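2 protein chains.
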Amino acid sequence: AICAAITDFFQHNAEKPLRGRKMLVTAGPTHEPIDPVRYIANRSSGKQGYAIAAALADLGAEVVLVSGPTRLDSPRGVTRQNVESANDMLAACEAALPVDAAIFAAAVADWRVASEADQKIKKKEGRLPSLSLAENPDILATVSALTQGRPALVVGFAAETEAIIENGKAKLARKGCDWIVANDVGTGTGTFGGDENHVFLLTREGVEDWPKQSKDAVARDLAARITTFFQGVDV
Amino acid sequence: AICAAITDFFQHNAEKPLRGRKMLVTAGPTHEPIDPVRYIANRSSGKQGYAIAAALADLGAEVVLVSGPTRLDSPRGVTRQNVESANDMLAACEAALPVDAAIFAAAVADWRVASEADQKIKKKEGRLPSLSLAENPDILATVSALTQGRPALVVGFAAETEAIIENGKAKLARKGCDWIVANDVGTGTGTFGGDENHVFLLTREGVEDWPKQSKDAVARDLAARITTFFQGVDV
Chain A
1109 AICAAITDFF QHNAEKPLRG RKMLVTAGPT HEPIDPVRYI ANRSSGKQGY
1159 AIAAALADLG AEVVLVSGPT RLDSPRGVTR QNVESANDML AACEAALPVD
1209 AAIFAAAVAD WRVASEADQK IKKKEGRLPS LSLAENPDIL ATVSALTQGR
1259 PALVVGFAAE TEAIIENGKA KLARKGCDWI VANDVGTGTG TFGGDENHVF
1309 LLTREGVEDW PKQSKDAVAR DLAARITTFF QGVDV
Chain B
1109 AICAAITDFF QHNAEKPLRG RKMLVTAGPT HEPIDPVRYI ANRSSGKQGY
1159 AIAAALADLG AEVVLVSGPT RLDSPRGVTR QNVESANDML AACEAALPVD
1209 AAIFAAAVAD WRVASEADQK IKKKEGRLPS LSLAENPDIL ATVSALTQGR
1259 PALVVGFAAE TEAIIENGKA KLARKGCDWI VANDVGTGTG TFGGDENHVF
1309 LLTREGVEDW PKQSKDAVAR DLAARITTFF QGVDV
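Note that the protein sequences, when read in sequence, are chains A and B.
For the first sequence, our numbering assigns the number 1109 to the initial residue and increments by one for each residue that follows.
For the second sequence, our numbering assigns the number 1109 to the initial residue and increments by one for each residue that follows.
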């Protein structure tokens, strides 16, 4: 029994290389209200982000999962914060800082409706309402640009339907983050809502084409890469 | 055993007063695509429409449930047809005709995006895309106006956030349907997504204020009213 306890202790620590690290993960879509009943949404299921949160927690990290509206159960050992809009998500992320790493897997709406209506917009004969849009805060760029308290590792996601690597590289340069996970979400790929994902990992060193695999496998591989990154970094 | 079988037979028929009637029920929101990843949605959960489909099937009706995207399981004994957009929903409803009664409980989007983009709309510095909208088909008005094959009873729903009875009466007159179930879906009522509903039944005869009750109870009461309606109608 004592031997078993000792073995457990060492295995436990060997298998929890992210113990003592705090990580922020975002997941799911955002919902941007048009009026009390209508909103703009996107097809993100949250599965990839939830899988990453679970994989990091399995490796011992303290994980805060900031989640848009999804149908998913919270992964074991993860603190979940539910939000709806991009503005709410930014506020929840800022409240979670400081963290060692931030992985922004949510599909945040680029735009919100400029003036949310207090009452349901009525249909009027021959008149169409126009939706004037306003730019949402850029959570990835905002956190990447922090001069104080910037996470040591900031990972963004790029959901592309064309020119995936090219668009991903441009995003990496533009946002100031450290890595971009670029994936193909085009019609017919089944990425949004599906269980598999074909991703490219873009770092300052180059582009890796990962095999198409389950979102859980992508999450474990990414968590392993994050572990390697932190093996060279002092707390 | 023979007595029990005979009793069952008579009870069965007594409890299935809608046997031989075919009914169409719509439920849930519609999703109107903006591009391959974004869409306009609304907060309808589909619970009220699903409860009505279930209540009508319990009374012996053959029910076709045309459903927008929901998280709900199909009610027992109901044929379910899944759709996304208002255009798809109209096509599925037309395919389900002829029916004795049509209950349009879905929260159909009044508008769709005029030109759905083939590729994800990219965020460009300093430029906001404008969403130009086009009017969706009016399923309730279209079916109410049928000269051939109009259902004997057409029931519409009005989801209102203000002036519920007034707006509901105007809708009854404008759409040419027989009844309107008007409900308050304003913020704080918890109707959208919730399990309770406070409805007004508007007919040509007047307005009934039903007590706030579960959506299942609203469905059973409405199915009972529909049964009474058909007791005076030849097939």
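Cβ coordinates follow ideal geometry from the N, Cα and C atoms, glycine included.
None of these values were measured; they are calculated from a predicted model.
Leaving aside the five residues that flank ASP1286 (chain A) on each side, the residues in its chain whose CB is nearer than 6 angstroms to its CB run, in chain order, LEU1261 and VAL1262. The C-beta distance from PRO1259 (chain B) to VAL1207 (chain B) rounds to 5 angstroms, short enough to fall under 8 angstroms. In this structure, the straight-line span from the alpha carbon of CYS1201 (chain B) to that of ALA1209 (chain B) is close to 12 angstroms. For THR1250 (chain A), the enclosing alpha helix (DSSP H) begins and ends at 1247-1252. Along the region 1262-1320 of chain B, the beta strand (DSSP E) occurs as fully enclosed runs of 3 or more residues at 1287-1292, 1307-1311 and 1314-1317, listed in sequence order. Going by C-alpha positions, GLY1168 (chain A) is about 32 angstroms away from ARG1282 (chain A).
Counting only runs of at least 4 residues, the region 1167-1212 of chain B fully encloses the following alpha helix (DSSP H) elements, listed from N- to C-terminal order: 1194-1204. Contact with chain A is absent for GLN1321 (chain B), since none of that chain's Cβ atoms lies less than 7 angstroms from the residue's Cβ. Assignment of GLU1243 (chain A) by DSSP, reduced to helix, strand and coil, places it in the strand class.
If you look at ARG1328 (chain A), you'll find it in the alpha helix (DSSP H) that goes 1323-1339. Taking 7 angstroms as the CB threshold, PRO1125 (chain B) stays off the interface with chain A. Contact with chain B is absent for TYR1158 (chain A), since none of that chain's Cβ atoms lies less than 7 angstroms from the residue's Cβ. ARG1312 (chain B) counts as exposed, since fewer than 16 other C-beta atoms from the protein chains shown sit within 10 angstroms of its C-beta.
Taking 7 angstroms as the cut-off between beta carbons, none of the residues of the region 1188-1200 of chain A comes near chain B. Per DSSP, the continuous beta strand (DSSP E) segment holding VAL1133 (chain B) begins and ends at 1130-1135. Setting aside the 5 residues that flank it on each side, LYS1130 (chain B) is surrounded in the same chain by GLU1170, VAL1207 and ASP1208, each with a C-beta closer than 6 angstroms to its C-beta; the list follows chain order.
By the CB criterion at 7 angstroms, ALA1194 (chain B) and PHE1265 (chain B) fall outside the cutoff. The region 1154-1162 of chain A and the region 1152-1169 of chain B do not touch, with fewer than three beta-carbon pairs separated by less than 8 angstroms. Taking C-alpha positions only, GLN1339 (chain A) is separated from VAL1172 (chain A) by approximately 21 angstroms.
Taking a beta-carbon distance threshold of 7 angstroms, PRO1245 (chain A) does not count as an interface residue toward chain B. Ranked by Cα distance from GLY1136 (chain B), the options B:ILE1272, B:PRO1177 and B:ARG1127 are led by B:PRO1177.
Non-local beta-carbon contacts of GLY1284 (chain A) in its own chain, meaning distances under 6 angstroms to residues more than five positions away in sequence, involve SER1252 and ALA1253 in chain order. Residues are counted here when their Cβ sits less than 8 angstroms from a Cβ of chain B; for the region 1209-1227 of chain A these are ALA1215, ALA1217, ASP1218, TRP1219 and GLN1227, given in chain order.
Beta bridge pairing from DSSP links PRO1141 (chain A) with A:TYR1147. Here ASP1143 (chain A) is near ILE1229 (chain A), since their CB atoms are less than 7 angstroms apart.
Burial is judged here by how many other beta carbons sit within 10 angstroms of a residue's own beta carbon; ARG1179 (chain A) has fewer than 16 and is exposed.
For VAL1216 (chain B), there is no enclosing beta strand (DSSP E), as DSSP marks it with neither H nor E.
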